[in-house]
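Report on the structure given below.
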Amino acid sequence: MFKKYLLSGIVAVSMVACGNAGNDETETTASSSKAATAATGRDQIKIVGSSTVYPFATTVAENFGRSTSFKTPIVEATGSGGGLKLFCSGLGDNYPDITNASRRIKASEVERCAENGINDIVEVKVGYDGIVVANSTKSDRMELTLRELYLALAKDVPDGKGGLKPNDYVNWSDINPALKNTKIEIMGPPPTSGTRDAFVELAMEGGCQTFDWIKAFKKTDKNTYKAICHAFREDDGFIEAGENDNLIVRKLNANPNALGIFGFGFLDQNGDSVQGSIIDGTPPTFENISDGAYPVSRSLYFYVKKDVVGKVPGITEYLTEFTSVRASGEDGYLSEKGLIPMNAEEHAQWQSQVLALETLSLN
Amino acid sequence: MPDYILTTSPQMAKRHARHSRFQWYGRLAIAISISFMLLMFTAIFARGTGAFQKTMIAVDVEFTESVIDPKGTRVEMDLKQGNYKPLILSGLQQVVTGATERKDRNRLYKLVSGGAVFDLGERVAAKPDMIGTTQRVWIAASSEVDLYIKGKVDPESDEAVRRLKDQDIAWVKLLQEDGRVKRKFNRVFFTSGDSRAPEMAGILSAALGSFFSLLVCFLIAFPLGILTAVYLEEYAKKNRLTNLIEVNINNLAAVPSIVFGLLGLAVFLNFFNLPRSTPLVGGMVLALMTLPTIIIASRSILRSIPQTTRDAAMGLGASKTQTTFHHVVPLAMPGMLTGTILGMARALGETAPLLMIGMVAFIVDVPKGVTDVATSLPVQIFLWADSPEKGFVELTSAAIMVLLVFLILMNLFAVYLRRRLERRW
């Protein structure tokens, strides 16, 4: 009797199995025999890191996988810091070969890598990314300075007497009478986002440092400096709109008075319904971001372990594809996904440097 | 009971009123939850059904040898990587005669999917005889054209707000007049992995990833869970230790799933060095998560089996083990399986623990076993919902539909087992 039920149990398993993926049993037995051999050597590139670089890395990975005989690399979005942590944890099959980063690798991370036996790292510059402060095309384009942006967004603002007061600016005209007389409403990414980190570092600190006495804290009291410059206001002047930039764009269309903070890629895709504000006199255009004139822009990188070249198949070819003109060049397919490419000269220089596998030195 | 006696007193009238009022509250509650469910389903179906069809464009491609295989070697890899773009473009230009300038040609080429060249490459590699002939091939249209054909782009709206410009729409109309545009069943959606281009993205690798994870999960959780439950219920003495174990199992059932992910990261990946992003580790983590559910369900089933069954077997001289495995466990099996399937259905919808072990990733290749890297269905839904391209909206809903179908199948199977095998006393 028990056997009968056990049998029905086994039938049940296989039925669940088949219902789930339309797969037959032969494949599962094949997989279990393969499990024994898969532990030795890896034939697929593993990439982790920044979610800002993720759309570009996945696009290259897909094109690379389709146009060569190598397997398509696996790309995980872990964030720049998380990616570098995994990357520097060790050499071997279970550690990623490449990590994407929306900032440059830090000296402490290079040290960590070295502790775990990763001495030679190849740095690859992907291109540039700008963070825009945009509003709907239904209203006028804003013209702001970093200082005004900081004053609009910070939790505490200077009270003009050498101290701080809680941010009480309600309308833009309260900050600067020349600005329009509408309510300050800014939508931006949550603290988990890399875009938020970069925005804090470039725009908030940039505005913060226009006050000399706050700037002085940077050397003497780092924590106070951070508390002043990094904290966002918690009233309805700043609204955390989630990681989904699509949503911010849609909300901007619904509310022409609001501003939104997001990556240039989304401005580029939706340039017909939203417009980027002019910051410190520079509009966020392709050219201004790529030559660094636009203040809220950063470089994107990825890092490769030199030791895996020749061990994991396809690394050199992946680097060739990523640094080719048709991918990351001025009219490359990555620019359609919102990447701001380097100019031809810089691109060529990085290309030759990367393909020669020159190792990184931070000095 | 005669009604007239009861309704005479005012208290009784109140009692009856309360009775019927409560019934109405219940009905209202059901109606509200059903309407929420219907709202959700209609929203998903309205958005998702479009994804099961996709737009194809017929192009007369002249398979010129000098372009595809200039050396005439017919090596498979060379054929796959041949330069098919000019061939497709000149095929399109036969219909759209106006586009000759570089800028126009680029726009014209964007009407077809970026994956079309790879598709042609595979066809030619499979049948090298095609070289030298001219054939009409159906090529996938780009996601923008697809959305337009499905009526999701309003051509009356301001041109500046659209990604598909008036010029593009005029070209699509030219192709349509020539009978070169049609909607076909979206086979790619069921036969390929993820892609950055909506028209080339598919659910297969995620579905197989879920399948392999659940397989591993079942193989680990089912025997472990059943054995634990049988031992605790039939053999173990009731003392402080078993009480402690019981409390712990009940606690584990309520632990948030992300915690199991962290455990998996620390133990399976960092300590045992199992491969990251694979269904093997995913299944092990999900098994940890479903184990308590299975144990609790199985124990309550075992408890519901009448003591008389055991007494009768013992009375006839069966040993404790014979009683348990010849009588109690077979009677409890349908209930245990139901508990297991329901636990696995929950595991199918889980993303949080998979995040920690690297299964939330862009994976194109279709996994062939438990040690190949893979994602799972809910992870794929999450990744697509986050993509900026508009074409992913319908894919997201379609993937939700696929997931729902699997969940319903699993739950129906659990109901079937219960109906079919359960005994009542």
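Same order as they appear, the protein sequences are chains B and L. Take the first sequence: its position 103, counting from 1, is numbered 100 in this note's numbering, and each next residue is one higher. Take the second sequence: its position 77, counting from 1, is numbered 144 in this note's numbering, and each next residue is one higher. Glycine included, each C-beta is placed from N, C-alpha and C at the ideal position. Keep in mind that this is a model prediction, so the values were computed, not measured.
The closest CA to that of B:ARG109, considering only B:GLU318, B:GLY239, B:LEU88 and B:ILE42, is found on B:LEU88. At a cut-off of 8 Å, the C-beta of L:PHE130 has no neighbouring C-beta in chain B.
With respect to the C-alpha of B:SER325, the residue from B:GLU342, B:ASN250 and B:THR282 having the closest C-alpha is B:GLU342. With at least 16 other beta carbons inside 10 angstroms of its own, B:PHE84 counts as buried. With 16 or more other Cβ atoms inside 10 Å of its own Cβ, L:ALA288 counts as buried. In the same chain as B:ALA74, and ignoring 5 residues on each side of it, the C-beta atoms closer than 7 Å to its own belong to SER48 and TYR51, in chain order. For the pair B:PHE214 and B:TYR222, the Cα-to-Cα distance works out to about 5 Å. For the region 252 to 264 of chain L, residues whose beta-carbon sits nearer than 7 Å to a beta-carbon of chain B comprise SER262 and ARG263.
Between B:PRO186 and B:ILE258, the C-beta spacing is below 8 Å. In this structure, L:GLY269 sits away from L:PHE279, with a CB-CB distance that is not shorter than 8 Å. With a threshold of 8 Å between beta carbons, B:GLN41 makes contact with chain L. C-alpha of B:ARG144 to C-alpha of B:THR207: approximately 7 Å in a straight line. Here the alpha carbons of L:VAL472 and L:TYR215 stand approximately 28 Å from one another. Of all residues in the region 425 to 437 of chain L, those with a C-beta nearer than 8 Å to a C-beta of chain B are GLY425, VAL427, ALA428, PHE429, ILE430, VAL431, ASP432, LYS435, GLY436 and VAL437, reading in chain order.
Cβ contact annotation for B:ALA104 (same chain, cutoff 6 Å, sequence separation greater than five): LEU359, in chain order.
Bounds of the alpha helix (DSSP H) holding L:GLN161 are 152 to 162. Of all residues in the region 126 to 157 of chain L, the ones placed with a Cβ closer than 7 Å to any Cβ belonging to chain B are MET144 and GLN148, in chain order. For chain L, none of the residues of the region 110 to 128 of chain B brings a beta carbon within less than 8 Å of one of its beta carbons. In the assembly as shown, B:HIS344 is a buried residue. Its beta-carbon has 16 or more other beta-carbons within 10 Å. Check the Cα spacing between B:VAL123 and each of B:ASP218, B:ALA54 and B:ILE236: the tightest is with B:ALA54.
Secondary structure in the region 212 to 293 of chain B: the alpha helix (DSSP H) runs of 4 residues or longer, each lying completely within the stretch, are 219 to 227, 242 to 251, 261 to 266 and 283 to 287 in chain order.
DSSP lists L:PHE252 as the bridge partner or partners of L:GLN120.
Sequence-ordered contacts of the region 365 to 378 of chain L with chain B are nonexistent [C-beta pairs closer than 9 Å].
For L:ASN340, the closest Cβ of chain B is nearer than 8 Å.
Cβ proximity to chain L below 9 Å picks out GLY62, ARG63, SER64, THR65, SER66, LYS68, THR69, PRO70, ILE71, VAL72, GLU73, ALA74 and THR75 from the region 62 to 81 of chain B.
Using beta-carbon distances, L:PRO455 counts as an interface residue toward chain B, with a partner under 8 Å. Using a CB distance cut-off of 8 Å, L:PHE449 does not count as an interface residue toward chain B. Residues of chain L whose Cβ lies closer than 7 Å to the Cβ of B:GLU342 do not exist, since the nearest Cβ in that chain is about 23 Å away. In the three-state reduction of the DSSP assignment, B:SER332 falls in the helix class, which pools H, G and I.
Between L:ALA296 and L:LEU369, the C-beta spacing is below 8 Å. The alpha-carbon of B:TRP347 is positioned some 45 Å away from that of L:LYS249. In the structure shown, the three-state DSSP call for L:PHE130 is coil.
Interface with chain L (8 Å Cβ-Cβ cutoff): B:GLU327 is excluded. What L:PHE185 touches in chain B, judged by beta-carbon distance under 8 Å, is ARG63 and SER64, going in chain order.
Listed in chain order, the non-local C-beta contacts of B:TYR166 below 8 Å within the same chain comprise LEU148, ALA149, VAL154, ILE172, ILE181 and GLY234, local neighbours out to five positions each way being set aside. Every unbroken stretch of the beta strand (DSSP E) spanning 3 or more residues and falling wholly within the region 132 to 166 of chain B is given here in chain order: 153 to 155 and 161 to 163.
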